[in-house]
Every structure is written in structure tokens, then in C-alpha cells.
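A.B. asks: In this note's numbering, the protein residues as written are 16 to 396.
Please find one structure pasted underneath; my questions will follow.
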């Protein structure tokens, strides 16, 4: 009976709010009808259509608390205790609001990032109109990006031995302190004369995401924002990471290096496979196999990132200037979850993204020291 009366009251309230003059009345009803009346008034005042039949009333207050740990993790991509830790980390940097709690904002953002559900549908679920949800998501990813250095860190020199030892356990390849790779983030793309610049070699509009991971799938470096038509090697050359590794202060000790596929240039600090021209020696083949097996960790890291935050599989956003921030925020969440709870193997979605070939001539550009270093390691395996 009580539920029925609440439904009647809601219908009466909606019928009374059909023109703009009733927005004032809605505000006066806040104390009586609490959050529902406030949200309906907000929807009317923004002149955005209200769809009360699609709303999940009290979703956060009544539905989410009934989720099992397994259900919660399925929807929000993390265990409840990790979510609590995330809230403790983010809330001090968020602006409080009367209309919703900070926890509700974080839950709505996680739900949106975790799947391909439309903004309007997610907004209905969390009692927000589409414009409010856009504002909430932007606030959360801005906070996450501002805190990125707490969880995405290039290793200090004293950490290199540990990282190298962990990589070496995979296939016996020594000195590896990171694996680098790039992936495309499919986007909607602009309908103007800049659209062609976003078209990647796979034929769809995209932005680049370049990451370096360790063997635990933690992201050590993230670079995003380059349009899809830019080649992987050029993305690397334009990145802050390249500038760091080429500098005296950031140069890796000679015994250490990253692993990259054939899209990258051979460097003393970046080892790529021997070019397979059909005549590889046994030593070169053995090196390439160990290289591929060790470098697969970065492919798994990207698969985990896109598997947890499936919005990245097709990012339907029109504000292209905001896209890099949202991508970076997902990378921050990726690392936060791993640091708190380890790797969820079931979330890894591997994608076939073959290297696009190098727009450099490795043989001409490679320093002889890099060639010698690779040969020496190959002979040691």
C-alpha cells in the first residue's frame, strides 16, 4: 500500500510540473518529496525531457546496497572495499552538492565507463538528466587526472632491478624494465575538414593511446591525444617519454631497456624484434620469441584497460578536447584497482592490433651500440 501511495504521489507531482511556472512549486516540494522532487525540477528547468518511467528510483539508496560483491564488481569493475578506498581518495578533492552525494557521482561515472550504455540511460538509472551526468563525469575525470602522479609513476632507479627480475621470469630476457605499445581508441570524430586526420590505418576515426607497462600490468607511462592518422613511431617521438629517455637525467642505465614491436625504432633503450625477412638465424628467432612472450604483458595491460572500461572500445564523444582526459582517467582507475586488488584476468580482452610498420628506417637510424646490444642479448639466450 505504501509503495502504491508513493507511486500516486509521484504521478501527481509530475502532472503538476508541466509548465515552467511549476518549477518554483517543485522546489517548495523538496522537503516533502526529498531528492525526487529536486531532480524533476532540475530536469524541467533545463528544458530537457523528463522520462520518469525510465528512471530507477532510489537506485543508489535501495538497489546498489543489495548487490552481492560479485554483482557490484560486475557493474562497477571493482570490489566494494576498493570502491570505498576510491571514495576516500577522491572525495576530498570534489565539490559537495545538495542534490547528490559524492559517492553517487563516482558510482554513476564508473557505471558509464564500464559499458557502452547511452548517457541518457545511465542518467535515468542514477536520477540525473543527461546534462547533469555530463557535468558529473567531467568533474570525476578531472579529479582523477589531477591525481594521476600518485598511481602512474615512471620507476625510480632503485626500482629497476626489481622490475627487470620480474620481466626476466617470463622468458629469460634480461634488463627489461617496461613494454611499450599503442592502441586506437575509436571515437565519433568530427564532421568537418579535420575528420580525415582522425582516420587511423584501420579505417575509423580514433585517438592514439601509448602506454608502457610492467609485468604486473601496471601502467608506468601514458600518452594520449594524438589523432589516429599519426604513426606509432611518431607518437613516440613526440611524447614526453621520448624526451625523458633521450635526456641525460632520464636516460636508462645501459643494462636496461624497454621492449617495443616493429613499429618502434631500435634504440639502446628500446629493443625491437629482428626484422623477419624469411632468413632469420636460430639465434634471432629465439630472441624474437622471447621478445614477443615478454612484451605480451603490455598487450594484456591494454586488454585489461579496455575490458574493464568498455567505453574505451567505442568512445562516442563529440567534444574531442575532453577525450584525452577521459582516457587518462581510465588509466588512473586501471592502476588504482591493480594496486588495491591485483589483476582480474577474466576482464582481459585481447585485441588483434598488428604493428603498422615503422616510418623510420631502423637500419639507418639505429645506433651501432643498440645493434650490438641486441645481438649480445640474443646470443646469451
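No residue lacks a Cβ here, since even glycine has one placed at the ideal position from N, Cα and C.
1. Answer yes if the segment 340-349 comes into contact with the segment 145-160, meaning at least three C-beta pairs across the two stretches below 8 angstroms, and no otherwise.
2. Does residue 392 come out as helix, strand or coil in the three-state DSSP assignment?
3. Between the beta-carbon of residue 204 and the beta-carbon of residue 247, is there less than 9 angstroms?
4. Taking 8 angstroms as the threshold, find out whether the segment 227-244 comes into contact with the segment 176-183 through three or more Cβ pairs.
5. What separation, rounded to the nearest whole angstrom, lies between the Cα atoms of residue 134 and residue 244?
6. Rounded to the nearest angstrom, what separates residue 35 and residue 147 at their Cα positions?
7. Suppose contacts are defined by Cβ-Cβ distances below 9 angstroms. Is residue 239 in contact with residue 258 by that definition?
8. Please determine, among 222, 91, 174 and 81, the residue with the shortest C-alpha to C-alpha distance to residue 332.
9. Which word fits residue 7, buried or exposed, when buried means at least 16 other C-beta atoms lie within 10 angstroms of its C-beta?
10. Excluding the 5 residues flanking residue 201 on each side, which residues of the same chain have their C-beta closer than 8 angstroms to its C-beta?
11. Using the beta-carbon count (16 or more within 10 Å), is residue 261 buried or exposed?
12. Among the residues of its own chain, which have a CB less than 7 angstroms from the CB of residue 97, if the five just before and after it don't count?
13. Residues in the same chain with beta-carbon distance under 6 angstroms from residue 389, minus the five sequence neighbours each way, listed in chain order, please.
14. Identify whether residue 311 lies in helix, strand or coil by the three-state DSSP scheme.
15. Return the bridge partner residues of residue 272 from the DSSP annotation.
16. Check whether the segment 166-180 and the segment 113-132 touch, using three or more Cβ-Cβ pairs below 8 angstroms as the test.
17. Taking the alpha carbon of residue 255 as the point to measure from, which residue in 213, 235 and 173 has its own alpha carbon closest?
18. So, residue 386 versus residue 273, is the Cβ gap smaller than 9 angstroms?
19. Near residue 365, what residues of its chain come up, given a Cβ to Cβ distance below 8 angstroms and the 5 sequence neighbours on each side ignored?
20. In three-state DSSP terms, what is residue 155?
21. How is residue 220 classed by DSSP in three states: helix, strand or coil?
22. For residue 366, does the three-state DSSP call read helix, strand or coil?
23. Where does residue 283 land, buried or exposed, given buried means 16+ other C-beta within 10 angstroms?
24. Here's the rule: buried if 16 or more other CB atoms are within 10 angstroms of the residue's CB, otherwise exposed. What is residue 395?
25. Is residue 213 near residue 335, with beta carbons less than 9 angstroms apart?
26. Evaluate residue 302 with the Cβ neighbour count: other Cβ atoms within 10 Å of its Cβ, from every protein chain shown; 16 or more gives buried, anything less gives exposed.
27. In chain order, which continuous runs of the alpha helix (DSSP H) of length 4 or greater are located wholly inside the segment 93-143?
28. Across which residues does DSSP place residue 239 in a beta bridge pair?
29. Going by C-alpha to C-alpha distance, which of 185, 349, 188 and 211 sits closest to residue 237?
30. Am I right that residue 194 and residue 310 are in contact with their C-beta atoms under 8 angstroms? What's the rounded C-beta distance?
31. Would you mind sorting residue 294 into buried or exposed? The rule is 16 or more other CB atoms within 10 Å of its CB.
32. Going by DSSP, which residues form a beta bridge with residue 201?
33. Please report the distance separating the alpha-carbon of residue 120 from that of residue 152.
34. Roughly how many angstroms lie between the CA atoms of residue 275 and residue 185, to the nearest whole one?
C.D. replies: Let me spell this out:
1. Yes: at least three Cβ pairs fall under 8 angstroms.
2. Residue 392: helix per DSSP, three-state reduction.
3. Taking 9 angstroms as the cut-off, the Cβ atoms of residue 204 and residue 247 do not count as close.
4. Verdict: yes, contact present.
5. If I take the Cα positions, the gap works out to 28 angstroms.
6. Low confidence applies here, because residue 35 scores a pLDDT of 43, under 50, leaving its location unreliable; read the following figure in that light. The straight-line gap from Cα to Cα measures roughly 19 angstroms.
7. In terms of Cβ geometry, residue 239 and residue 258 do not form a close pair [threshold 9 angstroms].
8. Of the candidates 222, 91, 174 and 81, the one whose C-alpha sits nearest the C-alpha of residue 332 is 222.
9. What is shown of the chain runs 16 to 396, which leaves residue 7 out entirely.
10. For residue 201, same chain residues with a beta-carbon under 8 angstroms away, outside a window of 5 residues either side, are 219, 220, 221, 328, 329 and 330 in chain order.
11. Burial call: exposed.
12. Excluding residues within five positions, the ones whose Cβ falls inside 7 angstroms are 352, 355 and 356.
13. If the five residues before and after residue 389 are omitted, its C-beta is found closer than 6 angstroms to the C-beta atoms of 286, all from its own chain and listed in chain order.
14. Taken through DSSP and simplified to helix, strand or coil, residue 311 comes out as helix.
15. Looking at the DSSP output, residue 272 sits in a beta bridge with 191.
16. No, the segment 166-180 does not touch the segment 113-132.
17. 235 is the residue among 213, 235 and 173 whose C-alpha sits nearest the C-alpha of residue 255.
18. For residue 386 and residue 273, no; Cβs fall outside 9 angstroms.
19. Result list for residue 365: 314, 315 and 318, in chain order.
20. Residue 155 sits in a helix when the DSSP states are folded into three classes.
21. DSSP, read as helix, strand or coil, puts residue 220 in strand.
22. Note: residue 366 maps to coil in three-state DSSP.
23. That one is buried.
24. Around the CB of residue 395, fewer than 16 other CB atoms lie within 10 Å, so the residue is classed as exposed.
25. Result yes, Cβ atoms of residue 213 and residue 335 sit closer than 9 angstroms.
26. So residue 302 ends up on the buried side.
27. Listed in chain order, the complete alpha helix (DSSP H) runs (minimum 4 residues) inside the segment 93-143 are 95-105, 117-129 and 134-140.
28. In the DSSP output, where bridge partners are listed per residue, residue 239 has 224.
29. Residue nearest to residue 237 within the set 185, 349, 188 and 211 is 349 (criterion: CA-CA distance).
30. Between residue 194 and residue 310 the beta-carbon gap is near 5 angstroms, inside 8 angstroms, which marks them as a contact.
31. When all chains shown are included, residue 294 counts as exposed.
32. DSSP lists 221 as partners of residue 201.
33. Taking the straight line from one Cα to the other gives about 7 angstroms.
34. Residue 275 and residue 185: Cα-Cα distance of roughly 16 angstroms.
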